[in-house]
Amino acid sequence: MICINLTTGERIWSRSFKEGAPNSIIADGILLSNNEDTYLYALDPDTGKELWKEKSSGTSSRMSYLNGVVYFTGGGDGLLHAVDVATGKHLWKLRSPDLDRNSGAWFKRRVSVIPGENGKRGKVITSSYLSAFCYEAAR
506 MICINLTTGE RIWSRSFKEG APNSIIADGI LLSNNEDTYL YALDPDTGKE LWKEKSSGTS
566 SRMSYLNGVV YFTGGGDGLL HAVDVATGKH LWKLRSPDLD RNSGAWFKRR VSVIPGENGK
626 RGKVITSSYL SAFCYEAAR
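The numbering of the sequence shown is this note's numbering, which starts it at 506 and goes up by one.
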């Protein structure tokens, strides 16, 4: 991963990982990178300094952010993950209900979030190969 000043083209910092870093997002001023080495890393986007790392699933869907939580489905474990951006702690991991009737019906690699209104929690939307699911957001 390389951070470059867009105005000058100067390299600000770089960071190597054991495996690829295919999915990244900035949330609450933190650069999150879900890597194929089965860890989710939080980096300071200005310096590249590691803030925390949490055991993850390896490859994953693109991450979606809502109210201090990042959501993704794991390609390695097939679970829907909710991780607190500030601490790196998992708030929950959910298994696809469809796995009870079809061993290949883990969550697909798509996650969307819908903000809540009028003090209600938002929604997390994902699907398996058989069904679509709507869960209440962690916050």
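Virtual Cβ for every residue (Gly too), placed ideally from N, Cα, C.
Computed from a prediction, not measured in an experiment: that's the story for all the values here.
Beta-carbon proximity of residue i to residue j, cut-off 8 Å
| i | j | result |
| --- | --- | --- |
| S562 | T592 | no |
| A642 | R626 | yes |
| T564 | G581 | yes |
| R644 | N572 | yes |
| G579 | C508 | no |
Residue i (DSSP reduced to helix, strand or coil)
| i | result |
| --- | --- |
| L635 | coil |
| L545 | strand |
| L604 | helix |
| M614 | Reading the sequence as shown, one finds Arg at residue 614 and not Met. It is coil, neither helix nor strand. |
| L584 | coil |
| S538 | strand |
| K523 | coil |
| N528 | strand |
Bridge-paired residues (DSSP) for residue i
| i | result |
| --- | --- |
| D589 | V574 |
| G579 | S565 |
| A642 | Looking at the DSSP assignment, A642 forms no beta bridge with any residue, so it has no partner. |
| E555 | L548 |
Cβ neighbour criterion (16 or more within 10 Å) applied to residue i
| i | result |
| --- | --- |
| Y576 | buried |
| Y634 | exposed |
| N528 | buried |
C-beta neighbour in chain B for residue i, strict 8 Å
| i | result |
| --- | --- |
| D542 | This model lacks chain B altogether, as it is built from one protein chain only. |
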